[in-house]
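Going by the working numbering, the first residue of the sequence shown is number 5, and it counts up by one from there.
Okay, structure first, notes after.
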Amino acid sequence: MTSQLAPNNSSHWNQQKVLETVRGLKELSLQEKTVLEQMLQNENTKMEDIIKSSATLQDLEHSLVALAKQIAENNSMRVEEMKTEPNSSETASNAINLALEKYEENKVSTQASSLKAILKILQKVEKKPSDNRNRQLKMSNIVVKKFVMKVKGGEQLMKACGYERTEVGDKKTEHLLMKEADLAVLKIGISLIQEKIKEIKSGTEKPSTKRQSTKVLCPCGFWGTTDQDGLCSVCYKKKMFGSPETTKQVEAKSAKSAKDGWKPKFKKARMKLKALHRFRLGVKACSRIIQKNKKRCFECNKKVGILGFECRCMYVFCDLHRFPDSHNCTFDYKRLHQNKLKKDNKVVVHDKISKLD
């Protein structure tokens with residue numbers, strides 16, 4: 005703004021003269037005067053229009069007073085709008101407090117472990133708000149599953165801190181996702197959770213509104229309580245955390261599946277076929293005589309009853325003719341022992357070239 009501010013007539017308004025008139029206005033407060041002075045120094049367009057349009061000193065004073073009152077009214081309206089608008093930090097603190105009140109329905113140990121786990125997650129997000137790994141948590145994660153989803157009020161607390169339950173990826177796996185990290189809300193959540201943990205440690209937490217637990221018969225036959233959904237301790241642990249299988253149970257399951265599978269049956273049938281083929285090769289006689297009465301010796305026809313000896317050639321003999329050389333046995337023992345040696349003695353060959361690691 006130039007030093008000479010001229011109205012529509014021939015007279016000229018000096019910047020110093022306008023400044024003196026602003027300071028001499030008794031109707032305005034000190035704050036309103038400082039606002040007009042700043043507008044004059046910053047060459048505001050409204051101020052320029054007023055100076056140009058005012059012909060006399062009285063017109064200038066009236067227009068300056070009107071401008072100051074208008075600015076004051078606008079400021080007061082803005083303040084009222086700010087008061088009426090809901091504060092995000094207040095709503096977040098209220099939501100977090102509601103979730104923490106719901107936590108009182110859990111056991112004290114469950115409350116402490118869950119709040120510590122959530123506190124670690126929020127502190128990681130506060131340190132690195134741009135890191136997507138801390139803001140994107142899988143629902144199948146054991147920490148999220150145990151300390152957030154299976155605790156009353158856990159998911160509500162995460163939602164109050166900015167997390168939302170959404171499906172991510174082509175497989176549509178469920179995640180707890182924080183789209184944008186609001187540091188103000190995170191600080192409020194961390195402070196309130198730390199206070200709650202201190203209350204739990206000191207034992208000054210508010211008395212829970214739960215009813216007194218009563219004994220109820222569990223479906224398994226043992227006594228349970230109403231605190232544990234009418235289940236005993238063993239069934240309640242199975243419901244909450246699942247029944248972890250021991251190594252013996254896993255081994256028994258694997259052994260049972262191996263026995264029931266088709267592979268062992270196929271191997272057994274294959275061995276039987278091989279044995280039958282070898283037996284047929286071992287027997288030299290083409291037209292084999294069938295022994296009808298196995299209670300007599302096939303060589304001397306002596307009565308042996310149940311005390312007879314059955315040879316590999318599938319005939320029954322007495323005590324004198326039980327050996328292969330005494331009854332001209334047709335079974336090929338040589339081939340049998342050759343196959344046994346091949347099976348028992350594996351070929352051991354040294355590597356010609358040493359392998360480099």
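Just so you know, even glycine gets a beta-carbon here, dropped at the ideal spot from N, CA and C.
Go through its chain and collect everything with a Cβ distance to residue i's Cβ below 6 Å, but skip five positions before and after it.
i    : result
C224 : C239
H331 : E303, F321, H325
K128 : N138
D63  : none
K338 : none
L61  : none
L181 : Q140, E168, T170
From what residue to what residue does the alpha helix (DSSP H) around residue i run?
i    : result
E168 : No alpha helix (DSSP H) contains E168, which is instead part of the beta strand (DSSP E) from 168-172.
E36  : 34-45
L340 : 337-348
T25  : 19-27
T49  : 49-57
V189 : 187-206
V238 : 237-245
I believe residue i touches residue j by the beta-carbon criterion, under 8 Å. Please report the beta-carbon distance rounded to the nearest angstrom.
i    : j    : result
L32  : A72  : 5 Å
G157 : A103 : 5 Å
H179 : K142 : 6 Å
L196 : I100 : 5 Å
Starting from the C-beta of residue i, find all residues in its chain whose C-beta is less than 8 Å away, skip the five residues before and the five after it, and write them out in chain order.
i    : result
N343 : R282
L44  : M5, Q19, V22, L23, V26, M51
N78  : none
S212 : Low per-residue confidence applies at S212: pLDDT is 47, beneath 50, and the placement is therefore not dependable, though the value from the model is reported in the following sentence. These residues qualify, in order along the chain: E108, E109.
V1   : This structure gives no information on residue 1, because the portion of the chain shown stretches from 5 to 361.
Kindly list the residues whose CB is nearer than 7 Å to the CB of residue i, restricted to its own chain and excluding five residues on each side of it in sequence; keep chain order.
i    : result
K210 : Residue confidence is low: K210 scores 48 on pLDDT, short of 50, so the model does not pin down where it sits. No coordinate-derived value is stated.
D53  : none
Residue range of the beta strand (DSSP E) that residue i falls in?
i    : result
E178 : 177-181
K296 : K296 -> no beta strand (DSSP E), and no H or E assigned at all.
V351 : Careful: V351 lies outside any beta strand (DSSP E) and carries neither H nor E.
K306 : K306 -> no beta strand (DSSP E), and no H or E assigned at all.
Would residue i count as contacting chain D if we go by Cβ distances under 9 Å?
i    : result
D329 : In summary, chain D is missing from the structure at hand, where a single protein chain is found.
- prompt: Looking at C-beta atoms only, is the number of pairs between the region 144-151 and the region 93-109 that lie closer than 8 Å three or more?
  reply: no
3-residue-minimum beta strand (DSSP E) runs that sit fully inside the region 102-163, ordered along the chain: 140-142
query: Counting Cβ pairs closer than 8 Å, one from the region 301-318 and one from the region 262-281, do we hit at least three?
result: no
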